[in-house]
Amino acid sequence: MEKIRIEIFRYEKEGSTCCRCGDSTEVVRKVINELKLNGIDIELNEIILGEDKISISNTIRINGKDIMDILGEKAKILTPCPSCSDLIGRKTNCNSFIYKGKIYDSLPEAMLKEAIHRSNVPE
Numbered sequence: 020m021e022k023i024r025i026e027i028f029r030y031e032k033e034g035s036t037c038c039r040c041g042d043s044t045e046v047v048r049k050v051i052n053e054l055k056l057n058g059i060d061i062e063l064n065e066i067i068l069g070e071d072k073i074s075i076s077n078t079i080r081i082n083g084k085d086i087m088d089i090l091g092e093k094a095k096i097l098t099p100c101p102s103c104s105d106l107i108g109r110k111t112n113c114n115s116f117i118y119k120g121k122i123y124d125s126l127p128e129a130m131l132k133e134a135i136h137r138s139n140v141p142e
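Here our numbering is used: the first residue of the sequence shown is 20, the next is one more, and so on.
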């Protein structure tokens with residue numbers, strides 16, 4: 020198996036991030052630690068975004084491909100994010116995840132594991 024590269028894009032202001040991006044980041048770190056314990060070569064790149072890029076906040080890519088595309092889910096949706104709104108001082112939306120027909124504000128662990136598996140299975 021080749022090295023797995025995971026990127027997480029999240030908005031950050033003065034060292035603080037929103038709750039949903041923080042929760043997604045925790046899931047990514049947890050899964051990466053589990054995989055590393057099993058001898059899998061994996062790399063994490065956390066990309067911090069400014070307010071002008073908030074529309075791509077809470078995005079996960081595996082080997083350069085969006086997690087939603089890997090799983091064949093519908094296009095991303097933007098939903099109101101009170102936490103980001105508090106950080107920037109106005110109402111705003113950020114990415115949510117669609118997994119098995121349900122909408123999640125933060126990345127479900129099972130979704131990440133399935134996407135990693137699918138992205139590393141030879142076609």
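Here a beta-carbon is modelled for each residue, glycine too, at the ideal position from N, C-alpha and C.
Computed from a prediction, not measured in an experiment: that's the story for all the values here.
Could you give the distance in angstroms between the alpha-carbon of residue i and the alpha-carbon of residue j?
i: I81; j: G108; result: 32 Å
i: E119; j: S35; result: The sequence given here places Lys at residue 119; Glu does not occur at that position. Near 30 Å, if we compare the C-alpha coordinates of S35 and K119.
i: M130; j: K110; result: 28 Å
i: S74; j: S115; result: 11 Å
i: E142; j: E21; result: Interpretation of E142 is limited by its pLDDT of 46, a score under 50 that renders its predicted location unreliable; no figure is taken from the coordinates.
Decide if residue i is buried, meaning its Cβ has at least 16 other Cβ atoms within 10 Å, or exposed.
i: D124; result: buried
i: A94; result: exposed
i: L56; result: exposed
i: I96; result: exposed
Which whole-angstrom value describes the C-beta separation of residue i and residue j, a residue pair presumed to lie in contact below a C-beta threshold of 8 Å?
i: T44; j: E31; result: No, T44 and E31 are not in contact; Cβ-Cβ is about 10 Å, not under 8 Å.
Grab me the residues of residue i's own chain with a C-beta within less than 6 Å of its C-beta, minus the 5 sequence neighbours each way, in chain order.
i: D105; result: none
i: R137; result: I89
i: T78; result: F28, N114
Ordered along the chain, which non-local residues of its own chain (more than five positions away) have a Cβ less than 8 Å from that of residue i?
i: L1; result: An answer regarding residue 1 cannot be provided, because it is not within the stretch 20 to 142 covered by the chain.
i: I23; result: L54, I59, D60, I61, E62, I81, N82, I135, S138, N139
Less than 9 Å between CB atoms is the rule here; does residue i satisfy it with respect to chain B?
i: C37; result: The structure shown has no chain B; it contains just one protein chain.
Enumerated in chain order, which unbroken segments of the beta strand (DSSP E) with a length of 3 residues or greater are wholly contained in the segment 39-83?
DSSP runs (the beta strand (DSSP E)) wholly in the segment 39-83: 61-68, 78-81.
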